[in-house]
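The structure appears below as structure tokens.
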Amino acid sequence: MKKSVYVIDSFPVSACNNYRIQRCHLYEGEDWRGYQASKRRYFYGLKIHLMVTEQGRPVEFFLTPGSWSDTRALKMYNFDLPEGSWVTGDKAYTDYAFEDLLDEAHLDLQPLRKKNSKRPVPPWINYLMSCYRKIIETTGSLMEQLLPKHIHAVTPQDFELKVAIFVLATSFNFMNVAT
Numbered sequence: 074m075k076k077s078v079y080v081i082d083s084f085p086v087s088a089c090n091n092y093r094i095q096r097c098h099l100y101e102g103e104d105w106r107g108y109q110a111s112k113r114r115y116f117y118g119l120k121i122h123l124m125v126t127e128q129g130r131p132v133e134f135f136l137t138p139g140s141w142s143d144t145r146a147l148k149m150y151n152f153d154l155p156e157g158s159w160v161t162g163d164k165a166y167t168d169y170a171f172e173d174l175l176d177e178a179h180l181d182l183q184p185l186r187k188k189n190s191k192r193p194v195p196p197w198i199n200y201l202m203s204c205y206r207k208i209i210e211t212t213g214s215l216m217e218q219l220l221p222k223h224i225h226a227v228t229p230q231d232f233e234l235k236v237a238i239f240v241l242a243t244s245f246n247f248m249n250v251a252t
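Right, here's the structure in full:
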């Protein structure tokens with residue numbers, strides 16, 4: 074029996090530019106300021122937390138404030154997956170206690186490991202996980218292409234609704250490719 078593979082990651086969505094934070098009326102406070110390490114920049118807005126299949130089809134998503142870490146958001150995923158499923162993510166999803174909890178539910182959470190990890194994985198599994206990571210990065214970049222440079226919204230609920238609609242539009246694009 075082949076295991077189902079799922080990949081998780083988060084992507085920032087800016088509500089305004091970093092230098093305009095003082096004038097931003099959608100969100101207020103430091104909860105909304107996050108850091109995007111890959112681009113070495115701060116942003117002010119939301120994070121989209123996304124779970125996709127090994128074909129890149131979105132399965133589940135939710136929005137959090139920009140300052141939330143991936144480990145904190147990991148516990149918010151539904152994980153309503155087939156028994157024996159394999160879930161992988163980047164190094165930010167390392168939480169040994171939560172991995173053990175999912176293992177009791179017959180789900181295998183295997184994030185990429187840091188070099189000083191207490192639970193190292195063989196190099197071939199690390200390579201396999203790196204290949205699966207490219208799938209969600211591609212889905213994330215497709216989603217970023219759909220998002221406009223600026224999302225006009227008057228209230229935070231409007232902004233969140235528009236972001237959710239763009240995530241759903243990405244899902245529909247995958248349905249069109251499959252048929």
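According to the numbering used here, numbering within the sequence shown proceeds without interruption in unit steps and concludes at 252. Don't be surprised by glycine CBs; every beta carbon is placed ideally from N, CA and C.
Open item on the list: Nearest by alpha-carbon distance to residue 188: which of 199, 207, 226 and 179 is it?
Closed with: 199
Task: CB contact flag (residue 120, residue 84, <8 Å) - done: yes
TODO: Give the secondary structure of residue 236 by DSSP, where H, G and I count as helix, E and B as strand, and everything else as coil.
DONE: Helix.
- [ ] Report the residue from 236, 123 and 168 whose alpha carbon sits nearest the alpha carbon of residue 192.
- [x] 168
Open item on the list: Suppose the cutoff is 7 Å on Cβ atoms and the five residues either side in sequence are ignored; what does the same chain contact list for residue 132 look like?
Closed with: 79, 124, 125 and 126
- [ ] Grab me the residues of residue 166's own chain with a C-beta within less than 6 Å of its C-beta, minus the 5 sequence neighbours each way, in chain order.
- [x] 143, 147 and 184
Task: Range of the contiguous alpha helix (DSSP H) that encloses residue 89 - done: Run containing residue 89: none in the alpha helix (DSSP H); it sits in the beta strand (DSSP E), 78-89.
Open item on the list: I'd like the list of long-range same chain contacts for residue 135, defined as Cβ closer than 7 Å, with 5 residues on each side in sequence excluded.
Closed with: 122 and 149.
TODO: Return the bridge partner residues of residue 103 from the DSSP annotation.
DONE: Partner(s): none; residue 103 has no beta bridge.
Open item on the list: Within the continuous alpha helix (DSSP H) that includes residue 123, where are the two ends?
Closed with: Per DSSP, residue 123 belongs to no alpha helix (DSSP H); it is in the beta strand (DSSP E), 114-126.
Task: DSSP state of residue 138 mapped onto helix, strand, coil - done: The answer is strand: DSSP assigns residue 138 an E or B state.
- [ ] Go ahead and pull the three-state DSSP assignment for residue 161.
- [x] strand
TODO: Report the partner residues of residue 131 according to the DSSP bridge assignment.
DONE: 125
Open item on the list: Pull the bridge partners of residue 108 from the DSSP assignment, please.
Closed with: 115.
Open item on the list: Using 8 Å as the threshold, is the C-beta distance between residue 140 and residue 107 below it?
Closed with: Contact flag set, yes.
Task: Alpha-carbon spacing of residue 205 relative to residue 161, whole angstroms - done: 8 Å
Task: Segment limits, alpha helix (DSSP H) that includes residue 173 - done: 169-177
Open item on the list: For residue 98, tell me which candidate among 242, 240, 236 and 232 has the shortest Cα-Cα distance.
Closed with: 232
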